[in-house]
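Under my numbering, the residue at position 418 of the sequence shown is numbered 418, and the numbers go up by one with no gaps.
Backbone N, C-alpha and C fix where the C-beta goes; we use that ideal spot for every residue, glycine too.
Remember, predicted model here, so these are calculated numbers, not experimental data.
Below: one structure, written as structure tokens.
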Amino acid sequence: MLFVMIFSRRSTRLPSFQHMSPNAICVSRSHHSYMMKPSRVLSVPPALSSALAEYEKMHSKCYHSLKQSITNPEAGGSCKYLVHYELDGLGNRLLGLVSTFVFSLLTNRVLLIDPKGQSAKLLCEPFANSSWLVPQEFPRFHLDQAQSLEKAVQSKKFGSMVHVWVASLHRDQDFFHHQVRSKLKNVTWISLTSNLYFVPRLFTFPEFWKPLMSLFPDVRMAFTHLTRYLLLPQDHVWEKIVRFDSTYLSGPGKQLGIQIRLHHRDDPGEFDQRSFDRILECLIGKDFLPMMMNSTTEIISAHPPKRIKVFVASLQGRYFQELKQMYLKYPSLDGSLVQIYTFSQEGVQNESIQQATNALAEMWLLGFSDVLVTSSSSTFGYIAQGIAGVRPYVLHIRPEDLKNCSLPACSRRLSPAPCNHQPYFEEEENLERSTEHLEWMNVHIRRCQDNWHGVQIV
């Protein structure tokens, strides 16, 4: 039996970790708010709290009739199901999972996930008195034989099982048509593969807009509420998070989180000096980190010295090493004590469960930051900003950004909400929306700051 003593950021002692059965409530579910600064703890909107409670009752009831429902859909009663399939890296997988859950909540469907996927091995079971895992003995070949949405639309025969793709390289555009969604209401089993955060598009659907507004009165914080409900780590991950945080990051001083990801390169794990220079330009230019002294400058000592704890998350460990060596070699000009930490230095991206475990831990550790700096278009960074519930500063370090001398080193996002990288719109959609809905969209649905092809909620 393993015991780890924890002290929260509010100096409140938390219960120790213990060996827990797979069906036990994860420690993170009851204690993640203690790891947040008080100003970051959110009250769940009453409508959302009620909706989740009702959903969990429905989920528990329908989960017990899974097998009967797929072998004999008519015997399944009113229960309907939505099976999520993962795709790409962990950030994409989690964004797709959150989006699929919102769709299931809006359509009264039981959300299920693949027990062989990374989410099943990393995330706490979210639904009380039930499970979201497709049972091992479940006749999965039925799901594997589900017809595609494209074929269902062409044949005009939807049947009891349909598979939908809402992914970056494979989109069932018919999903965005109101008439098709109406027909999907009668389909008992829907399986959905997604690597996108498509919740912004759900806000544009006339039938979902007002229910979503009721659930999330502050639409900017919708993703934060969802991450803190659905993406809580299992104990083996949470233990790593708490141990690292209590050892290096908690306590007095400002915490700065930096997430570095190089996109549009052959090797995303490479070190790029121009990107590093721009990162420094952002960190020092925005006063997140102090300037360093050299042999000709006189130190301006702070009494007592400020402590700045910097957490760096990157595939390439050299960014961490360079920052650490800089502040070891050159003291800060104002006398601040700058300490640089990192959790992992993988070097190469892969789909191993160990790397995914480290990635989830880093997302949550970044989420505890006072100031968060992320990389443009990074789904990893999106998860971290959602957990934190803050508007991060986004580094402009893509190759095309580095060529643009007029572009600032970093800029602040308009909200903590992620970007829906590849939405799909048709002109005739506006004919289905009310004037009130269109006016709301003009205010709250904007082009993404880090991806002009996408949309985000602000």
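Residue burial classification, residue 308 (beta-carbon count within 10 angstroms, cutoff 16): buried
Mark residue 201 as exposed unless 16 or more other C-beta atoms lie within 10 angstroms of its C-beta, in which case mark it buried. buried
I need the DSSP call for residue 257, collapsed to helix, strand or coil. strand
Would you decide whether residue 145 is buried or exposed? Buried here means 16 or more other CB atoms lie within 10 Å of its CB. exposed
Where does residue 151 land, buried or exposed, given buried means 16+ other C-beta within 10 angstroms? exposed
Under the three-state reduction of DSSP, which class applies to residue 291: helix, strand or coil? coil
Starting from residue 223, trace the alpha helix (DSSP H) in both directions and tell me its first and last residue. 222-230
Give the DSSP-derived three-state secondary structure of residue 100 in the structure shown. helix
Neighbourhood of residue 479 by C-beta, 8 Å cutoff - its chain only, sequence neighbours within 5 removed: Since the first and last residues shown for the chain are 1 and 458, residue 479 lies out of range.
Can you check DSSP and say which residues form a bridge with residue 410? 395
Sorted by chain position, which residues of the same chain lie with C-beta nearer than 6 Å to residue 318's C-beta, five sequence neighbours on each side aside? 271
Tell whether a beta-carbon distance below 9 Å holds between residue 260 and residue 313. yes
Sequence-distant residues of its chain with Cβ nearer than 6 Å to residue 226 (five each side left out): 98
Going along the chain, which residues of its own chain have a beta-carbon closer than 7 Å to the beta-carbon of residue 118, five neighbours each way excluded? 86, 90, 93, 353 and 356
Rounded separation between residue 421 and residue 196 - CA only: 7 Å
Taking just the CA atoms, how far does residue 404 sit from residue 289? 24 Å
Taking 8 Å as the limit between beta carbons, can you name the residues of its chain near residue 26, skipping five residues before and five after? 20, 124, 125, 232, 233, 234, 235 and 238
Alpha carbon to alpha carbon, what distance is there between residue 456 and residue 443? 11 Å
If you run the structure through DSSP and keep just helix, strand and coil, what is residue 284? helix
Please state if the CB of residue 190 and the CB of residue 34 are separated by a distance shorter than 9 Å. no
Between which two residues does the beta strand (DSSP E) containing residue 113 stretch? 110-113
For the alpha helix (DSSP H) containing residue 384, name the first residue and the last one. 379-388
Assigned exposure category for residue 374 - 16 Cβ within 10 Å defines buried: buried
If we call anything under 9 Å between Cβ atoms a contact, is residue 130 one with residue 56? yes
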